[in-house]
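>
Chains as they are written, first to last, in the UniProt record's numbering: chain E, 1 to 151; chain A, 1 to 544.
#1: Flag this pair as yes or no: are the beta carbons of residue 421 (chain A) and residue 435 (chain A) separated by less than 8 Å?
#2: Using alpha carbons as the reference points, say which of A:286, A:167, A:186 and A:486 lies closest to residue 133 (chain E).
#3: Three or more C-beta pairs under 8 Å: does that hold for the region 134 to 146 of chain A against the region 168 to 177 of chain A?
#4: So if I threshold CB-CB distances at 8 Å, which residues from the region 62 to 74 of chain A count as touching chain E?
#5: Excluding the five sequence neighbours on either side, which residues of its own chain have a C-beta within less than 8 Å of the C-beta of residue 390 (chain A), listed in chain order?
#6: For my contact list, residue 100 (chain A) and residue 351 (chain A) are in at a C-beta cut-off of 8 Å; report their separation, rounded to the angstrom.
#7: Runs of 4 residues minimum, wholly inside the UniProt domain "Asn/Gln amidotransferase" (393 to 542) of chain A: which ones carry the alpha helix (DSSP H) assignment?
#8: Any Cβ of chain A within less than 8 Å of the Cβ of residue 131 (chain E)?
#9: So, for residue 537 (chain A): in the same chain, excluding its five sequence neighbours on each side, which residues have a beta-carbon less than 7 Å away from its beta-carbon?
#10: Tell me whether residue 331 (chain A) is buried or exposed, calling it buried when 16 or more other Cβ atoms sit within 10 Å of its Cβ.
#11: Can you name, in chain order, every residue of its own chain whose Cβ lies under 8 Å from the Cβ of residue 223 (chain A), other than the five neighbours on each side?
#12: Residue 528 (chain A): which of A:71, A:485, A:539 and A:505 sits nearest, CA to CA?
#13: Would you call residue 107 (chain A) buried or exposed, if buried means 16 or more other Cβ atoms sit within 10 Å of its Cβ?
#14: Buried or exposed: residue 85 (chain E), going by 16 or more other Cβ atoms within 10 Å of its Cβ?
#15: Here's a check: name, in chain order, each residue in its chain whose Cβ is nearer than 8 Å to the Cβ of residue 140 (chain A), leaving out the five neighbours to either side.
#16: Alpha carbon to alpha carbon, how far is residue 526 (chain A) from residue 382 (chain A)?
#17: Tell me, please, whether the CB atom of residue 348 (chain A) is closer than 8 Å to any CB atom in chain E?
#18: If you draw a straight line from the alpha carbon of residue 7 (chain A) to that of residue 193 (chain A), how long is it in whole angstroms?
#19: Once DSSP output is grouped into helix, strand and coil, what is the label at residue 98 (chain A)?
#20: What are the boundary residues of the beta strand (DSSP E) that residue 59 (chain A) is part of?
#21: Give me the residue from A:472, A:514 and A:83 with the minimum Cα distance to residue 455 (chain A).
#22: What is the rounded straight-line gap between the Cα of residue 348 (chain A) and the Cα of residue 95 (chain A)?
#23: On the DSSP letters alone, give me the boundaries of the beta strand (DSSP E) that residue 176 (chain A) sits inside.
#24: Let's see if you can read the secondary structure: which residues bound the beta strand (DSSP E) around residue 154 (chain A)?
#25: Tell me, which residues are paired with residue 69 (chain A) by DSSP?
#26: In chain E, what lies closer than 7 Å to residue 100 (chain A) by C-beta?
#27: Below 8 Å, how does it come out for the region 296 to 303 of chain A and the region 335 to 344 of chain A: are there three or more Cβ pairs, yes or no?
#28: Taking C-beta pairs closer than 7 Å, name the residues in chain A that residue 99 (chain E) reaches, listed in chain order.
#29: Helix, strand or coil: how does DSSP classify residue 85 (chain E) here?
#30: Any beta carbon from chain A within less than 8 Å of residue 142 (chain E)'s own beta carbon?
#31: Residues of chain A with CB under 7 Å from residue 127 (chain E), in chain order?
#32: I want to see whether chain A comes within less than 8 Å of residue 79 (chain E), judged by CB atoms only; does it?
#33: Give me the Cβ distance between residue 360 (chain A) and residue 388 (chain A), rounded to the nearest whole Å; I'm assuming they're in contact under 8 Å.
#34: Exposed or buried, which one is residue 100 (chain E) when buried takes at least 16 other CB atoms within 10 Å?
#35: Assuming residue 413 (chain A) contacts residue 104 (chain A) under a Cβ cut-off of 8 Å, what Cβ separation, rounded to an integer in Å, is found between them?
#36: Could you spell out where the beta strand (DSSP E) holding residue 131 (chain E) opens and where it closes?
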């Protein structure tokens, strides 16, 4: 990916994160503010509950206060877009929106590379990948020793 | 921000303990699904009626050579991980490329279900962690799916005798294209899961039905009709046993006039029969729970086919947060119709809705109507013909080859042939009696060479599949109708002479007793007497 595309990608990820935060799907979200207006208190939106929820959902590790602050900065940065009046305008969710979606013919052109795929697997059983018996739940906040370790 | 390894919340942890709190006895269906009005199931106390609400989410595997976003093959039962491309394994640096055939299949299905096809639809990512989802997200169409707002009509028999059918409609909320996940084989002994990604990335059509159904029977009929439609279109073979059609049911109950109750999702339903059982069990379970003062929890439950009940499936965490986001690697999917088709365009890159519409085959409902019109058979009969694999073609073949009227042929197909097929779990294509042979037999009957009871005997012989023709069997067993009038008269006279009591009864005016005499003649001739002729002769003799 070229640096420019990587930047665009990162902006989109943060936009998605902002939209998600605003969506109110998080239990402890304190962002009650409705539509556009002055800069919302992004400081408050990144609470401990939100961080726990994010770590659980995305398996990211914020590691320390600096990591959290970086997140806050990113959210603040992206939320500046709220200052723009976007009433009646369709959101941009991909810079590819004017491109033609290429349609591939229904031919078999790939596959049959079992050995190659399994080369990366630490464990295998007769050409199957091996995984734990089920998802291993992230321990609760109290029991997690790495949560915000560095702060 | 470092990413952790395999962790996260419990998702599809299938509980492997004892069957939970299922009662061993199958609950009798106390749901009087009144096909005319709504369903009025009777609770145990019989106080206030309950209205069950059933909605379905159906995943149909698209019949295509290659997968939705990659060029690896789609095939059932292949060596593990042999049909997997780098993209399917989610190796870095790979991108999705949309398969045109999958788009066409979805459009066909949308049109067949009277949907509005969205000329612009979008792809999204649905995130969750599970070992058989290597990317950690599934590409689906959450915001703007390919088709919306359709309807599916299906028919139910009001009683068990298939004599009265009623048509119902269920609304289709949407149809969306999405990826299938891989397969997990749970090895409890070694406490591990084996993952096969052959199925990962196969194209699925998710058909979301509105909660317009009220019981297991309706759900089953709707799914059966959808299955027939998909098979007719060829967009999916929809074989539930092979996992090509997966049904999840959303069930809730409420009192009439009150808002909808809390719903549960029932998964792991592997056949249409189990669908009926699972839905009805869940309705009863919820009614019982509520009548005992409990509450219904919004949860996912699995159907245990051995015990005939549903058990809780997921962990305590309530709703999953899928963090939907637009798929950044796929621009919007644009479809065209005759009007909007741009000029000078590469036809391979264009999906034309009108072109597909013109080429839709006859849907089951149309096939049934044509059968009724063409052959004068009853609608109920047309249902069975279309419902049973290959039976319609068999019937039409026989009709072509015989002089017997279709209305009479249908009797042989539906009672004699079908009952034998069902007894031996065969489809019409596997029948030991081919349509040729049956047509020959019916011709013999129609020409008056044999009686209908003799024909039934020949049918049984033919069923053995020993390669004999009907004519050969008739000759061998001497089943031809006695053509000699004199011989018949002699036999009739013999019966009259034997049965003085019956003769007296007839002479006294009890005409019905003559049927007994006809039966005796038939027995004496081993089915070789034409019953009408026999009746004539007897009547003549008795009036003398």
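The C-beta atom is built at its ideal place from N, Cα and C for all residues, glycine as well. Keep in mind it's a predicted model, so treat the numbers as computed, not measured.
A quick look at the data gives this:
#1: Here residue 421 (chain A) is taken as the residue at index 421 of the second chain, counted from 1. Here residue 435 (chain A) is taken as the residue at index 435 of the second chain, counted from 1. No, these two residues do not count as a Cβ contact at 8 Å.
#2: Your numbering for residue 133 (chain E) matches position 133 in the first chain. It is A:186 whose Cα lies nearest to the Cα of residue 133 (chain E).
#3: yes
#4: 64, 65, 66, 70, 71, 72 and 73
#5: Within the second chain, residue 390 (chain A) is the residue found at index 390, counting from 1. So the list reads 427, 428 and 429, once near-sequence residues are dropped.
#6: Start at 1 with the first residue of the second chain, and residue 100 (chain A) comes out as number 100. Start at 1 with the first residue of the second chain, and residue 351 (chain A) comes out as number 351. Rounded, the Cβ-Cβ distance is 7 Å, consistent with contact.
#7: 406 to 411, 418 to 423, 435 to 446, 452 to 463, 470 to 476, 485 to 498, 500 to 507 and 514 to 524
#8: Taking the first residue of the first chain as 1, we reach residue 131 (chain E) at position 131. Yes, residue 131 (chain E) counts as interfacial toward chain A.
#9: Looking up residue 537 (chain A) in the second chain gives position 537. Result list for residue 537 (chain A): 488, 489 and 492, in chain order.
#10: Within the second chain, residue 331 (chain A) is the residue found at index 331, counting from 1. Counting Cβ neighbours within 10 Å, residue 331 (chain A) comes out buried, since at least 16 surround it.
#11: The residue you call residue 223 (chain A) lines up with position 223 of the second chain. Taken in chain order, the residues that qualify are 56, 58, 245, 247, 272 and 275.
#12: On the second chain, position 528 is the one that residue 528 (chain A) refers to. Nearest option by C-alpha distance: A:485.
#13: To locate residue 107 (chain A), count along the second chain from 1; it is residue 107. Label assigned to residue 107 (chain A): buried.
#14: If you number the first chain from 1, residue 85 (chain E) lands on position 85. Counting Cβ neighbours within 10 Å, residue 85 (chain E) comes out exposed, since fewer than 16 surround it.
#15: Position 140 of the second chain, counted from the start, is the residue given in the question as residue 140 (chain A). 123, 124, 125, 126, 176, 177, 178, 179 and 206.
#16: Here the question's residue 526 (chain A) lines up with position 526 in the second chain. Here the question's residue 382 (chain A) lines up with position 382 in the second chain. If you take the alpha carbons of residue 526 (chain A) and residue 382 (chain A), they lie about 35 Å apart.
#17: As a working note, residue 348 (chain A) is residue 348 in the second chain. Closer than 8 Å: yes.
#18: Taking the second chain and counting its residues from 1, one reaches residue 7 (chain A) at position 7. Taking the second chain and counting its residues from 1, one reaches residue 193 (chain A) at position 193. Interpretation of residue 7 (chain A) is limited by its pLDDT of 28, a score under 50 that renders its predicted location unreliable; no figure is taken from the coordinates.
#19: Here the question's residue 98 (chain A) lines up with position 98 in the second chain. Note: residue 98 (chain A) maps to strand in three-state DSSP.
#20: The residue you call residue 59 (chain A) lines up with position 59 of the second chain. Element bounds for residue 59 (chain A): 51 to 61.
#21: One-based indexing of the second chain puts residue 455 (chain A) at position 455. Among A:472, A:514 and A:83, the Cα nearest to that of residue 455 (chain A) is on A:472.
#22: Stepping through the second chain from its first residue, residue 348 (chain A) is reached at position 348. Stepping through the second chain from its first residue, residue 95 (chain A) is reached at position 95. The alpha-carbon atoms of residue 348 (chain A) and residue 95 (chain A) are separated by roughly 20 Å.
#23: Along the second chain, one-based indexing puts residue 176 (chain A) at 176. That run of the beta strand (DSSP E) goes 165 to 179.
#24: Reading the second chain from its first residue, position 154 is the one you call residue 154 (chain A). It spans 147 to 157 - the beta strand (DSSP E) in which residue 154 (chain A) sits, taken as one unbroken run.
#25: Within the second chain, numbered from 1, the residue matching residue 69 (chain A) stands at position 69. In DSSP, residue 69 (chain A) forms no bridge with anything.
#26: Taking the second chain and counting its residues from 1, one reaches residue 100 (chain A) at position 100. Correct list: 103, 104, 105 and 106.
#27: no
#28: Here residue 99 (chain E) is taken as the residue at index 99 of the first chain, counted from 1. The answer, in chain order, is 331.
#29: Position 85 of the first chain, counting from 1, holds the residue named residue 85 (chain E). Correct three-state label for residue 85 (chain E): coil.
#30: Within the first chain, the letter at position 142 stands for residue 142 (chain E). Chain A contact via Cβ: absent.
#31: For the purposes of this step, residue 127 (chain E) is taken as residue 127 along the first chain, with counting starting at 1. The contacting residues are 79, 80 and 81.
#32: The count along the first chain starts at 1 and reaches residue 79 (chain E) at position 79. By this cut-off, residue 79 (chain E) is not an interface position.
#33: Counting from 1 along the second chain, the entry for residue 360 (chain A) is found at position 360. Counting from 1 along the second chain, the entry for residue 388 (chain A) is found at position 388. In fact, because the Cβ distance is near 23 Å, the residues do not count as touching under 8 Å.
#34: Taking the first chain and counting its residues from 1, the one referred to as residue 100 (chain E) is at position 100. It counts as exposed.
#35: Mapped onto the second chain, residue 413 (chain A) falls at position 413. Mapped onto the second chain, residue 104 (chain A) falls at position 104. About 35 Å separates the two Cβ atoms, so there is no contact after all.
#36: Translated into the one-based positions of the first chain, residue 131 (chain E) becomes position 131. Element bounds for residue 131 (chain E): 128 to 131.
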